[in-house]
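Structure record follows, encoded as structure tokens.
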Amino acid sequence: MGQLVLVRHAQASFFGASYDELSPLGREQASALGDHWARHGVAYDRVYVGPRRRHRQTYDLVAAAYRERGLPWPEATDLPDLDEHHGIAIIKHRLGREDLDNDALHPGEIGDGEREHAVRQFFRQFVDIMRDWARGSIVVDGVESWAEFRARTLRALDALCVEPQARVCAFTSGGFVCAATGWLLGLDDDRIVDLSLVLRNTALTE
Numbered sequence: 024m025g026q027l028v029l030v031r032h033a034q035a036s037f038f039g040a041s042y043d044e045l046s047p048l049g050r051e052q053a054s055a056l057g058d059h060w061a062r063h064g065v066a067y068d069r070v071y072v073g074p075r076r077r078h079r080q081t082y083d084l085v086a087a088a089y090r091e092r093g094l095p096w097p098e099a100t101d102l103p104d105l106d107e108h109h110g111i112a113i114i115k116h117r118l119g120r121e122d123l124d125n126d127a128l129h130p131g132e133i134g135d136g137e138r139e140h141a142v143r144q145f146f147r148q149f150v151d152i153m154r155d156w157a158r159g160s161i162v163v164d165g166v167e168s169w170a171e172f173r174a175r176t177l178r179a180l181d182a183l184c185v186e187p188q189a190r191v192c193a194f195t196s197g198g199f200v201c202a203a204t205g206w207l208l209g210l211d212d213d214r215i216v217d218l219s220l221v222l223r224n225t226a227l228t229e
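Going by my numbering, the letters in the sequence shown line up with residues 24 to 229, in that order.
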């Protein structure tokens, strides 16, 4: 029987200059995952990595834990369909913050004292905006729709499951993991959005 394990990337730099970079805590999380797997002899036949820096950085730190012990670890195969949805672009559009560069969520770095308040404020708006987008109420030119994202998720699952007996691991983002899980469990879009609020960094979904 085959096995597919989806790994949500380690903590990214929320409200940093770029979200798509592991934070210091994120680097510790990824290293801890690699150390745990290596100590317990976890092995995979194939490993896939999404296109974001945070996906690759998480993979690299896991791989480093295996190398440090002289253990084999598969070279990663890039799979662009493992990318996260375009929720950040949608949220910035709805909040009128399209002036922010790339995937930044805040105009400049913020201190630790401000971070908790900023994160709570962000997620109070996140759920409503994401649900509106999933229902088709928000459309941004040039940005992948929620329906297109869901279809891409299924394409990626097809690509990951071509070897029925293989043990496969994929490094991706929370939105992808929740959409894939939602398809398997028959969840509606609202429940998939809700699920994304509780999926931890470096969480494993088998």
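Here a beta-carbon is modelled for each residue, glycine too, at the ideal position from N, C-alpha and C.
Check, Outcome
"I believe histidine 116 touches valine 163 by the beta-carbon criterion, under 8 Å. Please report the beta-carbon distance rounded to the nearest angstrom.", "5 Å"
"Sorted by chain position, which residues of the same chain lie with C-beta nearer than 7 Å to arginine 79's C-beta, five sequence neighbours on each side aside?", "Val72"
"Can you name, in chain order, every residue of its own chain whose Cβ lies under 6 Å from the Cβ of glutamate 229, other than the five neighbours on each side?", "Val28"
"Can you tell which of Arg173, Asp155, Asp83 has the C-alpha that lies nearest to the C-alpha of alanine 55?", "Asp83"
"With a Cβ-Cβ cutoff of 7 Å, do alanine 189 and aspartate 68 count as a contact?", "yes"
"Using the Cβ count rule (16 or more neighbours within 10 Å means buried), how would you classify methionine 153?", "buried"
"Using the C-alpha atoms, what's the distance from alanine 193 back to glutamine 52?", "17 Å"
"Tell me which residues share the same chain as valine 70 and place their Cβ nearer than 8 Å to its Cβ, disregarding the 5 neighbours each side in the sequence.", "Tyr82, Trp96, Pro97, Glu98, Ala99, Thr100, Val191, Cys192, Ala193, Phe194"
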